[in-house]
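FYI, in the working numbering the residues of the sequence shown are 2 to 501.
Even for Gly, the Cβ is constructed at its ideal location relative to N, Cα and C.
Note that the structure is predicted; figures quoted are calculated from it, not measured.
I have placed the structure first, in the form of structure tokens, so that the comments after it can refer back to it.
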Amino acid sequence: MNEHTTEPPVRLPAEPAETVRMAELFGRLAPSFDRYADGHAAGSFPAYVHGAVPDDGGPLPVSGVGPEGAIDGVGVAVEHGSRISAPGWLSFVTTGATTVPAAAFAASIVAGGQRYLHQSFNTLEYTGLRWLAELCGLPEGVTGVFSSGGSTSQLLGLGAARQAAFERRGVNVGEHGVPVGEQGRIYASEVAHRTVHRAGAVLGIGRQGVRAIPVDGDGRMSVEALDAAIAADIRDGIVPIAVVANAGVTDTGAVDRIDRVGEVARRHGTWLHVDGAYGLVANAAPSLRHLFAGLEDADSWMVDPHKWLATGLGIGAVYVRDEGVLTRAFAEGEAAYLEGSFAPLEVRPVSQFDTIAGRWADQSLELTAPPRGVVVWAILREIGLEGVIARVERHVGFARAVADAAEAHPRLELLMQPQLSIACFRYVPDGGGEPATINELNRRILERLRVETHIIPSSTQVDGRFAIRPCFINPRTTEREVEALIDFVVRFGDELAARG
Ligand SMILES: *Cc1c(COP(=O)(O)O)cnc(C)c1O
């Protein structure tokens, strides 16, 4: 700060929106956060009843109610809000924020502004990216960018792959588009996340341009089938864009043999993209590292801090080995109003406004974006590597406990051995039954869990069998919920089977 600059005197603006009294107004909201966190008493969670929040669904207010009234309305919304943070929520791969990331998120909105300019949140964006890469065991020197989540990261990783694939054929797709008549192909296992297909759709490859490679009994991509599929396509003049390896399938938690998949991709000169949106964080735990062998040889990786790191939603990350490819794929190009306003990145800044301090606008889909790195930095600062390992190992232990209980109980069946923190199992009545009847029975067990209890797993299909599927990533889940899940499934299964 130059001594000769003087701050103008603070005057109350003619603007009705409040911009000061933050402590007072945040403080007014804070008790509703604690009531929210406490509000997970046993019993199902009531559906939202329209009218609980003042003005919900009401007309556009002509006169505002002022800060206190608005904050109080937000507080009511908090208390009637989403219960995905509750300990018994075990559905999909999603959970709410713990306290420190929530506070960091608020801080980033108050003081982080953009992720650009030389200011603390910009530095923490870099630190968050570096710590996350190290946590996940990525090689040194990778380039990362935060995104809004896995959907966007998928598009970024595969977009970079498409750029590289066509550059090898002498075409800069980022500049000139996909050459007419060229068909690209993405290879992913039949249980890959559907965001792979959407990325294919957006990238001009098409959802149909994603080849489904069969999996083995452990849910892992068949390397032989992958090899044959790529070879056949090359013979037919199709352009292989990327192989997507799963580092944690959303349905089952299965991890592909990344080393063997990578070997096939390399042999065909194809990009290897690792979808670790859910599972990559598990590579932090030495006890699980064997699952991820070969990870360091990939070309791109994605991980969602908003899953296992419980940062609150809207935080994904993608990393690439070759920064240039990502930039050539996603650069927005020079804009008169942007570049001219700053010194080049290499110039040592004196004021925080001297350089733009980050290339992310040219390496992602977003120009304006919040500094999500501060949220990742904050949770890693709070619990450290050890805290992440403890969380991951605890959750993997929960999935193992469900699997053990299912294997031990005469009327439960484990449908796949868990590799990470997802367990797929079902109830099977004494004497078995028709496949469709057993599927329907388990569907009704799941419905009773949802309606009558505080234990909320979701479901999937394993080899055509309806699976009850708890996924453990929620920091607040304990052994109590794990035991309750097993008890309820057996009790509801027995009751429903007795009724026939
Ligand atoms: C969740 C998930 C995605 C999509 O991520 P979003 O953050 O929900 O957009 C992609 N791949 C896998 C394996 C996932 O689990």
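{"Item": "Continuous alpha helix (DSSP H) assignments of at least 4 residues falling wholly in the segment 383-464", "Value": "436-453"}
{"Item": "Distance between ALA344 and SER86 (C-alpha atoms, nearest Å)", "Value": "44 Å"}
{"Item": "Ligand 1 heavy atom lying under 8 Å from the CB of HIS194", "Value": "yes"}
{"Item": "Beta strand (DSSP E) runs wholly inside the segment 167-214, at least 3 long, in chain order", "Value": "185-190 and 211-214"}
{"Item": "Buried or exposed (CB count within 10 angstroms, at least 16 for buried), MET2", "Value": "Annotation note: pLDDT 43 at MET2 (below 50); position unreliable, no value reported."}
{"Item": "Alpha carbon of GLY145 to alpha carbon of LEU139, nearest angstrom", "Value": "11 Å"}
{"Item": "Counterpart residues of HIS274 in DSSP-defined beta bridges", "Value": "VAL245 and SER301"}
{"Item": "Cα-Cα separation between PHE426 and GLN420, rounded to whole angstroms", "Value": "14 Å"}
{"Item": "Proximity test, VAL94 beta-carbon vs ligand 1 heavy atom, cut-off 8 Å", "Value": "yes"}
{"Item": "Where THR144 falls: helix, strand or coil (DSSP)", "Value": "strand"}
{"Item": "Residue span of the beta strand (DSSP E) that contains VAL321, given as start and end", "Value": "317-321"}
{"Item": "Distance between ARG195 and VAL282 (C-alpha atoms, nearest Å)", "Value": "21 Å"}
{"Item": "Closer than 8 Å: THR253 CB and nearest ligand 3 heavy atom", "Value": "Ligand 3 is not part of this structure, which contains only ligand 1."}
{"Item": "For GLU297, the nearest candidate out of ARG116, PHE93, HIS119 and GLU141 (CA to CA)", "Value": "GLU141"}
{"Item": "Three-state class that DSSP yields for ALA468 in the structure shown", "Value": "strand"}
{"Item": "VAL282 (DSSP reduced to helix, strand or coil)", "Value": "helix"}
{"Item": "Buried or exposed (CB count within 10 angstroms, at least 16 for buried), LEU368", "Value": "exposed"}
{"Item": "Same chain, Cβ closer than 6 Å to GLY129, neighbours up to 5 away in sequence not counted", "Value": "GLY374, VAL377 and TRP378"}
{"Item": "Cβ-based neighbour list, PRO68, same chain, cut-off 6 Å, excluding 5 preceding and 5 following", "Value": "GLU19 and LEU26"}
{"Item": "Nearest residue (CA-CA) to TYR279, options HIS396, SER223 and ASP234", "Value": "HIS396"}
{"Item": "4 or more residues per run - each alpha helix (DSSP H) lying fully within the segment 358-383", "Value": "none"}
{"Item": "Residue burial classification, THR153 (beta-carbon count within 10 angstroms, cutoff 16)", "Value": "buried"}
{"Item": "For TRP309, three-class secondary structure by DSSP", "Value": "coil"}
{"Item": "ASN247 to VAL256 span [Cα, whole Å]", "Value": "6 Å"}
{"Item": "Whole-angstrom C-beta distance between GLY494 and ILE446, which should lie under 8 Å", "Value": "6 Å"}
{"Item": "Beta-carbon spacing of GLY220, MET417 below 9 Å", "Value": "yes"}
{"Item": "ASP217 burial status per 10 Å Cβ neighbour count (16 or more: buried)", "Value": "exposed"}
{"Item": "Residue range of the unbroken alpha helix (DSSP H) whose run includes ASN475", "Value": "Element bounds for ASN475: n/a, residue is neither H nor E."}
{"Item": "Cα-Cα separation between ARG401 and PHE147, rounded to whole angstroms", "Value": "32 Å"}
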